[in-house]
Amino acid sequence: MSNSAPTPTTMKAWLYNSASGDLSKNLYLDTSARTPPSPAPHEIYVQVLTASLNPADYKVPTWVFGIAAQIVIGLPASPGMDFCGRILATGSQVTQFSPGQLVFGCHSRPMKYGSLAEYLSISADLVAAVPEGVSPESAGAIGIAGQSAYQSLNGYVKEGDKVLIVGGSGGCGLFAIQIAKALGCHVTTTCSTRNVELCRSLGADEVIDYTAVDDIAGTLREQGVVFDHIVDHVGLPKDLYYHCHHFLKEDGVFLQIGALSKSIYPGRIGWPSILGGGRRKFRLFFFANTQAHVAVIGEMLLKGTLKVHVDSEYEFENAIKAFDRLASDRTRGKVLIRVAKE
Ligand SMILES: NC(=O)c1ccc[n+]([C@@H]2O[C@H](COP(=O)([O-])OP(=O)(O)OC[C@H]3O[C@@H](n4cnc5c(N)ncnc54)[C@H](OP(=O)(O)O)[C@@H]3O)[C@@H](O)[C@H]2O)c1
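Quick note: the sequence shown, position 102, residue 109 per this note's numbering, numbers continuous.
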C-alpha cells in the first residue's frame, strides 16, 4: 500500500461456504472474518457503507451446482457486488483517488470479498467518485443495474426513437425507463397493475399492464412496426421475440438482458427464422463494468435526470431478508443494505 490508513485484520461479513441450493440458506454472519489482503498496486481498499443486491448475486454462485463458486470465486466468500464506500488505502499505482474519498461502483462478478462485508478491495479503474450532493444510498444502488440500463440503451437508440422496455419496474427496468427518457426516447413498458403509476411517474409514456392484457404481442402488434429497440428484462411472454417483427423495425435489436426462466433462451437464440423463429436481430446482453459509465450515471444522479427508487432497505444484520425479498421477483427498484454508518 502506498497510501494507507491502519486497516483491521478482522471484520463483520456475510459469508457462504457452499453455494449449492438456495444461497440465502447458506449465508452466515461472521463477526471476525478475515479482511481482504492489502490492495494490489492498481487497487483501492474501501470501507463499505451501502450495498445493493442484484439477481446475479444469488444466481451466479449456484451455477453448476455451486462448483463454479468453489473454483472461480473461492470459498468462503461474501456475496454482493454493488457498493458505495470510503477509500481507506490505495495501491502504489493509484493516482486517481486518495484515502478519504467516497466512491461507488461494483465488482464485475461475484468475488471472494463482496460488498456484504465491512471492507473490500477493487481495481481503481472500476469505480467513480460520488459527486458531492449524491447520497451513499443512491450511489450504492447503481452498480450493475444502473450500468446495465445505460448500456442496453446508449449506442442503440437516438433522440426520438421508440423503445419498448419489457419489465419496467425492477432494478434495471426503472433505471432503463429514466435513461431512455434522458436520451430523448418515447418509452413503452410492461409491468403489473400495482407498478403502473410508478413506471409512469418515472417517465414511461405508455404502460402495458401485463396482468390485464391476455395477449401482449397482439396488443403491441396493433401499434404497427413502430419500435426502434426492445430491451427485455423478464423473457415473458415467451413468444414475444417470435412475434416482434410485427412491432420492431427491421434494423431494430431485441436485446435480452435477463429472464425469469432459463427455458426461454434456447427458443430465442437457437431457432433460426427460416424454421419459423424470430425475424429480428436478437442479442444476449452482458454488462461490461466501465468506470466512464459509472461516472456518467453519477452525473445523472446529481442533475436529477436519474432517481433511485428504493424497494426496501435493510440493516446489515438483516441481509438474508434482503435476499429473500429480491428472490421474490416482485421488487420495485433496488434492494439496499446499510453496511456501516459513518
Ligand atoms: N446479462 C446481464 O449482464 C444482466 C445485468 C443485469 C441484470 N440481468 C438480469 O436481468 C433481469 C432483471 O434484473 P433486475 O435487477 O431488474 O431484476 P428484479 O429487480 O428482480 O426484477 C423484478 C421486477 O420484474 C418484474 N416482472 C416480473 N415478471 C414480469 C412480467 N411477466 N412482465 C413484466 N415485468 C415482470 C416485476 O414487476 P411486477 O411485480 O410488476 O411483475 C419486478 O418489478 C434478471 O434476470 C437479471 O439477472 C442481467
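Just so you know, even glycine gets a beta-carbon here, dropped at the ideal spot from N, CA and C. Keep in mind it's a predicted model, so treat the numbers as computed, not measured.
Can you tell which of G121, Q154, K119 has the C-alpha that lies nearest to the C-alpha of M307? Q154
Would you mind stating whether F294 and K19 have Cβ atoms separated by less than 8 Å? no
Suppose the cutoff is 6 Å on Cβ atoms and the five residues either side in sequence are ignored; what does the same chain contact list for T195 look like? L171, E213
What do you reckon, is the C-beta of D221 under 7 Å from a heavy atom of ligand 1? no
Taking the alpha-carbon positions, what's the G210 to C91 distance? 26 Å
Just to confirm the assignment: which complete alpha helix (DSSP H) runs, minimum length 4, are found wholly within the region 143 to 212? 143 to 147, 150 to 158, 178 to 189, 203 to 208
Report the rounded CA-to-CA distance for L133 versus Q108, giving the unit in angstroms. 15 Å
Between which two residues does the alpha helix (DSSP H) containing Q298 stretch? 298 to 310
Could you check the C-alpha separation between S319 and M88 for me, to the nearest Å? 17 Å
Which two residues bound the contiguous beta strand (DSSP E) that contains A63? Run containing A63: none in the beta strand (DSSP E); it sits in the alpha helix (DSSP H), 62 to 66.
Would you call R275 buried or exposed, if buried means 16 or more other Cβ atoms sit within 10 Å of its Cβ? buried
Specify the secondary structure class of F323 as computed by DSSP and reduced to three states. helix
Leaving out five residues on either side along the sequence, give the residues of the same chain with a beta carbon under 6 Å from the beta carbon of S115. N296
Cβ of G112 within 7 Å of any heavy atom in ligand 1? no
Identify, in the order they occur along the chain, each residue of the same chain with its Cβ nearer than 6 Å to the Cβ of T218, setting aside the five sequence neighbours on each side. S199, T200
Can you name the start and end residues of the alpha helix (DSSP H) that H250 belongs to? 247 to 250
Could you tell me if the beta carbon of K328 falls within a distance shorter than 7 Å of some heavy atom in ligand 1? no
Report buried or exposed for S159, applying the criterion of at least 16 other Cβ atoms within 10 angstroms of its Cβ. buried
Give the secondary structure of A347 by DSSP, where H, G and I count as helix, E and B as strand, and everything else as coil. coil
Residue closest to G283, alpha-carbon to alpha-carbon, out of P106, Y248, G180, G177: Y248
Starting from the C-beta of I237, find all residues in its chain whose C-beta is less than 6 Å away, skip the five residues before and the five after it, and write them out in chain order. L171, L255, F261
What does Y23 pair with, by DSSP beta-bridge criteria? L34, A84
For ligand 1, is there any heavy atom lying closer than 7 Å to the beta carbon of D64? no
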